[in-house]
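*Asks:* Numbering (our numbering), first residue to last: 0 to 308.
#1: Quick one: residues in its chain with C-beta nearer than 8 angstroms to the C-beta of residue 308, no 5 flanking neighbours on either side, listed in chain order?
#2: Would you mind listing the beta strand (DSSP E) stretches within the region 19 to 56 that are 3+ residues and don't spill past its ends, in chain order?
#3: Indicate the three-state DSSP secondary structure (helix, strand or coil) for residue 66 in the structure shown.
#4: For the alpha helix (DSSP H) that contains residue 213, what are its first and last residues?
#5: Name the two residues that bound the continuous alpha helix (DSSP H) containing residue 113.
#6: Is there contact here, the region 10 to 19 with the region 34 to 48, by at least three beta-carbon pairs under 8 angstroms?
#7: Throw me the rounded Cβ distance for the residue 134 and residue 179 pair, which I believe falls under 8 angstroms.
#8: Measure the C-alpha to C-alpha separation of residue 139 and residue 24 and round it to an integer number of angstroms.
#9: From 108, 55, 33, 88, pick the residue whose C-alpha is nearest to that of residue 70; which is it?
#10: Give me the Cα-Cα distance between residue 20 and residue 95, rounded to the nearest whole angstrom.
#11: Could you tell me which of 48, 83, 44 sits nearest to residue 362, measuring between CA atoms?
#12: Kindly identify the DSSP beta-bridge partner or partners of residue 135.
#13: Output the distance between the C-alpha atoms of residue 110 and residue 89, rounded to the nearest integer angstrom.
#14: Contact defined as beta carbons within less than 8 angstroms: I believe residue 159 pairs with residue 182. What is the distance between those atoms, to the nearest angstrom?
#15: With a 10 Å radius around its C-beta and 16 neighbouring C-beta atoms as the bar for buried, classify residue 299 as buried or exposed.
#16: Should residue 187 go down as buried or exposed, given a rule of 16 or more other Cβ atoms within 10 Å for buried?
#17: With DSSP as the reference, label residue 5 as helix, strand or coil.
#18: Which residue comes first and which comes last in the beta strand (DSSP E) that contains residue 167?
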C-alpha cells in the first residue's frame, strides 16, 4: 500500500477543494504530472482503477482526481471492495478522492485507513487574510466581510478581488467596512438571510437597514413574506433538532441546507422560544392574508410587522 499516494478530501466547498488539491500537487514536486479528473456520478470506480494501473506514456506519473465520491456516504459495494484491494497494493500514480461527507459505517471507516485524509477545515477569515497580499483589513472588518458574504468562500474570493481593484490606487490599501458596503453586492437570498438573522437577534436597526436594501430593488412584499416564513420554519426545525441532540452536520443534511446556514441557525434559534416562532409564523400568515384581501399599503403593513418583532 502506498498511503502517501492516496488522499481523501472531505468538503463541499469548491474553494477548499481546489486549494487542497493544489497543495497536494505542490508537494509531489514532479514537473510532468498528468492530471486526470473523473466525476463518479458519470464514471465508475472500475474506470478509475484501470486508469491508475495503466502505464504512463506522456508523463512520469498521473494524478487522478475523483469528484462526487458518494459511495463513501453509504454502504460498501463491490466497486468499493475493488478499490480497497487496489489501495492495499496501489501503483506509483496518485489518487485524490473528493467527498462531501462520510458514512459512519464500520466498513467505510476501515476503508479510510488506506487513505491519507486531508484536513479540509478552512475558515473564511483565514482565507481572507491569506489573499489580502499588499492590502489590509483589521480583524473586525475581516469578520464583517465574512459574515456579509455568508461565509461563502467562492463569493469571498470574487468580491475580495473587486475590493482590491477598487482600492488599488489608495496609498494605505486599507479596506474598510464602508468599502464593503459600497462595493460588495448581495443577492436576494443573502439579503433574506441577513433579515431573518436580524429578526432573530431583535436588532431593529439592522432589520430596517436590510429591509430598505431589499425594497430598493423593487422586491415584492408578498414574495418577501414567503421567503421570511421559509427561514423562520427552518429556525423552528433547527431548534427541534438541537433539542433532540443532533449536531450541525446532521442538521445540515436533514434539512438540506448549507453547513454555515445550519450553524448560524443553531446560534440564532436560542433567541426565540417555540411560542415566539409560532407567533411570528402566524403573524406572517395573517399579514399575507390581509395584503391579499384588502386595499392596504403593503409596505406600511410590513413595516408595522417589523416594528413588533
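Cβ coordinates follow ideal geometry from the N, Cα and C atoms, glycine included.
*Replies:* Straight from the coordinates:
#1: Excluding sequence positions up to five before and after residue 308, its CB lies within less than 8 angstroms of the CB of 198, 201, 203, 206, 279, all in the same chain and listed in chain order.
#2: Counting whole runs of 3 or more residues, the region 19 to 56 contains the beta strand (DSSP E) stretches 32 to 38.
#3: In the structure shown, residue 66 sits in a strand (DSSP, three-state: E or B).
#4: Element bounds for residue 213: 203 to 214.
#5: Following the DSSP letters along the chain, one finds residue 113 in no alpha helix (DSSP H), marked with neither H nor E.
#6: With a cut-off of 8 angstroms, the region 34 to 48 and the region 10 to 19 do not count as touching, because too few Cβ pairs lie within range.
#7: Between residue 179 and residue 134 the Cβ distance is about 12 angstroms, and since that is not below 8 angstroms, they are no contact.
#8: Between the alpha carbons of residue 139 and residue 24 lies a gap of roughly 34 angstroms.
#9: Looking from the CA of residue 70, the closest CA among 108, 55, 33, 88 belongs to 108.
#10: The straight-line gap from Cα to Cα measures roughly 8 angstroms.
#11: Outside the displayed span of the chain (0 to 308) sits residue 362, for which this structure offers no information.
#12: Residue 135 is bridged to 173.
#13: Straight through space, the alpha carbons of residue 89 and residue 110 are spaced by roughly 14 angstroms.
#14: That belief does not hold up - the Cβ atoms of residue 159 and residue 182 are roughly 10 angstroms apart, past 8 angstroms.
#15: Exposed, since its Cβ has fewer than 16 Cβ neighbours within 10 Å.
#16: It is exposed - the Cβ of residue 187 has fewer than 16 other Cβ atoms within 10 Å.
#17: Three-state DSSP puts residue 5 in a strand.
#18: Counting along the chain, residue 167 falls outside any beta strand (DSSP E), and DSSP gives it neither H nor E.
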